[in-house]
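Q: Heads up: the sequence shown begins at 64 in our numbering, then just goes up one per residue.
Shown below is the structure under consideration.
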Amino acid sequence: MRRVSLLVLLTLCACTRPASDLYQPAQADARLSQPGPVVLTVVNAAGKETTFTRAQLAGLGLVSFSTPDPSRKNEQHEYTGPLLSEVLNRAEIDPAATLHLVALDKYKTDLNLVPIRQVPVMLALTSDGDLLEPRNFGPVYMTFPYGGVRLDPNVYNAAWVWQLYRIEERPGGA
Ligand SMILES: Nc1nc2c(c(=O)[nH]1)N[C@H]1C(S)=C(S)[C@@H](COP(=O)(O)O)O[C@H]1N2
Ligand SMILES: [Mo]
Numbered sequence: 064m065r066r067v068s069l070l071v072l073l074t075l076c077a078c079t080r081p082a083s084d085l086y087q088p089a090q091a092d093a094r095l096s097q098p099g100p101v102v103l104t105v106v107n108a109a110g111k112e113t114t115f116t117r118a119q120l121a122g123l124g125l126v127s128f129s130t131p132d133p134s135r136k137n138e139q140h141e142y143t144g145p146l147l148s149e150v151l152n153r154a155e156i157d158p159a160a161t162l163h164l165v166a167l168d169k170y171k172t173d174l175n176l177v178p179i180r181q182v183p184v185m186l187a188l189t190s191d192g193d194l195l196e197p198r199n200f201g202p203v204y205m206t207f208p209y210g211g212v213r214l215d216p217n218v219y220n221a222a223w224v225w226q227l228y229r230i231e232e233r234p235g236g237a
């Protein structure tokens, strides 16, 4: 009986979030709990806007991974932040959407999530323990676990968007 309930529990846990050895859960960080301005606005296909302060992003649950970073000469860096999937879930966006990403420096790019549905993309808030600010890729930096999954750099390097401040769901997955 005990063994059966353990099995059920394990199965339930596995279903709520895709099991992954590509990231680790991270400790709460006092610097990320401070009140502050909105750093990210997310708009779903219905036009509904959801805004996030750093603390609200951190409150979605922090994870960490270490990865070579194509925007930083492929050097290895450790990033911590919420999973993109958690942000999209909170903003009522289809996990298989195409996202339009907009950065503070006016850089824009589109990202189709269909081929990378299983990839734990992170919206990093810290790097190697340092809070990200606009001068060092922040406050929000979209990062991919290049250390653990093979992703075509010709497609995905462009989606390592630093100074990310707006995500729009493209209607109809277009
Ligand atoms: N905010 C912002 N993020 C950005 C870019 C940019 O210009 N601004 N360039 C993108 C592109 S096209 C690539 S290939 C990678 C790496 O850019 P880099 O080669 O200029 O370092 O970062 C991406 N993220
Ligand atoms: Mo690029």
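All residues carry an ideal CB built from backbone N, CA and C; glycine is no exception.
1. If you run the structure through DSSP and keep just helix, strand and coil, what is S96?
2. Are any of the Cβ atoms in chain D nearer than 8 Å to that of T143?
3. Could you please give the first and the last residue of the uninterrupted beta strand (DSSP E) stretch that includes E138?
4. Any heavy atom of ligand 2 closer than 7 Å to the beta-carbon of N137?
5. Could you please give the first and the last residue of the uninterrupted alpha helix (DSSP H) stretch that includes V105?
6. Taking 8 Å as the threshold (C-beta atoms), are L188 and V203 in contact?
7. For ligand 1, is there a heavy atom less than 7 Å away from the beta-carbon of Y170?
8. Who are the near neighbours of S134 in its chain, counting only those whose CB is closer than 8 Å to its CB and skipping five residues on each side?
9. If you measure between the beta carbons of S129 and A89, is that distance less than 8 Å?
10. Can you name the residues that DSSP bridges to A187?
11. Just mark G206 as buried or exposed, buried being the case when its beta carbon has 16 or more other beta carbons within 10 Å.
12. Measuring CB to CB, does L227 end up less than 8 Å from A154?
13. State whether the region 190–200 contacts the region 170–182, with contact taken as three or more CB pairs (one from each stretch) at a distance under 8 Å.
14. Which residues mark the beginning and the end of the alpha helix (DSSP H) in which R153 is found?
15. Which residues in the same chain have their Cβ closer than 8 Å to the Cβ of E138, if we skip the five residues on either side of it in sequence?
16. Look at the Cβ atom of L120, then the Cβ atom of P98, and state whether they are nearer than 8 Å.
17. Beta-carbon separation of V106 and T116 under 8 Å?
18. Would you check whether ligand 2 has a heavy atom nearer than 7 Å to the C-beta of N220?
A: Short version:
1. Looking up residue 96 in the sequence shown gives position 33. Looking at S96 - three-state DSSP - the assignment turns out to be coil, as it is neither helix nor strand.
2. The structure shown has no chain D; it contains just one protein chain.
3. For the purposes of this step, residue 138 is identified with residue 75 of the sequence shown, where counting begins at 1. First-last of the beta strand (DSSP E) with E138: 138–144.
4. As a working note, residue 137 is residue 74 in the sequence shown. Taking 7 Å as the cut-off, one finds no heavy atom of ligand 2 near enough to the beta carbon of N137.
5. To locate residue 105, count along the sequence shown from 1; it is residue 42. Here V105 belongs to no alpha helix (DSSP H); instead the beta strand (DSSP E) covers 101–106.
6. For this step, residue 203 is matched to residue 140 along the sequence shown. For this step, residue 188 is matched to residue 125 along the sequence shown. Cβ distance < 8 Å, so V203 and L188 count as in contact.
7. As a position in the sequence shown, residue 170 is number 107, starting the count at 1. Within the cutoff, so yes.
8. If you number the sequence shown from 1, residue 134 lands on position 71. These residues qualify, in order along the chain: F200, N220, W223, W225.
9. Counting from 1 along the sequence shown, the entry for residue 129 is found at position 66. Counting from 1 along the sequence shown, the entry for residue 89 is found at position 26. The answer is no: Cβ separation not under 8 Å.
10. Translated into the one-based positions of the sequence shown, residue 187 becomes position 124. In DSSP, A187 forms a bridge with Y204.
11. On the sequence shown, position 143 is the one that residue 206 refers to. It should be pointed out that residue 206 corresponds to Thr in this sequence rather than to Gly. Around the beta carbon of T206, a 10 Å sphere encloses 16 or more other beta carbons of the protein chains shown; the residue is thus reported as buried.
12. Taking the sequence shown and counting its residues from 1, the one referred to as residue 227 is at position 164. Taking the sequence shown and counting its residues from 1, the one referred to as residue 154 is at position 91. Taking 8 Å as the Cβ cut-off, L227 and A154 do not qualify as a contacting pair.
13. no
14. By one-based count along the sequence shown, residue 153 stands at place 90. In the DSSP assignment, R153 falls within the alpha helix (DSSP H) that extends over 147–153.
15. The residue you call residue 138 lines up with position 75 of the sequence shown. Same-chain partners within the cutoff: P131, D132.
16. Counted from its first residue, the sequence shown places residue 120 at position 57. Counted from its first residue, the sequence shown places residue 98 at position 35. For L120 and P98, no; Cβs fall outside 8 Å.
17. Stepping through the sequence shown from its first residue, residue 106 is reached at position 43. Stepping through the sequence shown from its first residue, residue 116 is reached at position 53. Contact flag unset, no.
18. In the sequence shown, the residue the question calls residue 220 occupies position 157. For ligand 2, at least one heavy atom lies less than 7 Å from the Cβ of N220.
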